[in-house]
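Heads up, the sequence shown is in this note's numbering, so the first residue is -18 and it goes up one at a time.
Think of the CB as a built atom: it goes at the ideal place given N, C-alpha and C, for glycine as much as any other residue.
If you're wondering where the values come from, they're calculated on a predicted model, not measured in any experiment.
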Amino acid sequence: QHGDVIYKPLDGMGGSSIFRVKQDDPNLGVILETLTSYGTNTIMAQRYLPEIVDGDKRILLIDGQVVDYCLARIPAQGETRGNLAAGGTGRGT
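Take a look at the structure:
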């Protein structure tokens, strides 16, 4: 439906096992088989947002209160993952 989708495991970290799949990608089947271990693991699918080049942000809560500082994680050139472990850089906002 969306044509450009990010697939990732629910329990992943550091940007590992994250795949961007465009419409009609012939590798979709094997990517889903690998990520789900042939249907035994649940994964997340998100519509790809081109604005990721500007970074992603997380909302941090402490005791239910929003912390008024965040770190934008900016993907490296040509990359869709903003994770610091995957080569992204952090910028305070």
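Anyone know if the C-beta pair for I55 and G68 falls short of 8 Å?
Numbered from its first residue, the sequence shown carries residue 55 at position 74. Numbered from its first residue, the sequence shown carries residue 68 at position 87. No.
For L30, count neighbouring C-beta atoms within 10 Å of its own C-beta (all shown protein chains included) and say buried if the count is 16 or more, exposed if not.
On the sequence shown, position 49 is the one that residue 30 refers to. Result: exposed.
Opposing strand residues paired with T70 [DSSP bridges]
For the purposes of this step, residue 70 is taken as residue 89 along the sequence shown, with counting starting at 1. The partner list for T70 (beta bridge, DSSP) reads I55.
Who are the near neighbours of A26 in its chain, counting only those whose CB is closer than 8 Å to its CB and skipping five residues on each side?
Taking the sequence shown and counting its residues from 1, the one referred to as residue 26 is at position 45. Sequence-distant Cβ neighbours of A26 in its own chain, meaning closer than 8 Å and more than five residues away, are V(-14), I(-13) and Y(-12).
Extent of the continuous beta strand (DSSP E) to which I12 belongs:
The count along the sequence shown starts at 1 and reaches residue 12 at position 31. I12 -> not in any beta strand (DSSP E); alpha helix (DSSP H) instead, spanning L9 to T17.
Quick one: residues in its chain with C-beta nearer than 8 Å to the C-beta of T70, no 5 flanking neighbours on either side, listed in chain order?
Walking along the sequence shown from the start, residue 70 turns up at place 89. Excluding positions up to five away in sequence, the list reads R54, I55 and A57.
Got a sec? Which residues, its chain only, sit under 8 Å from G(-7) by beta carbon, not counting five neighbours each side?
Residue -7 sits at position 12 when you count from the first residue of the sequence shown. Taken in chain order, the residues that qualify are I(-1).
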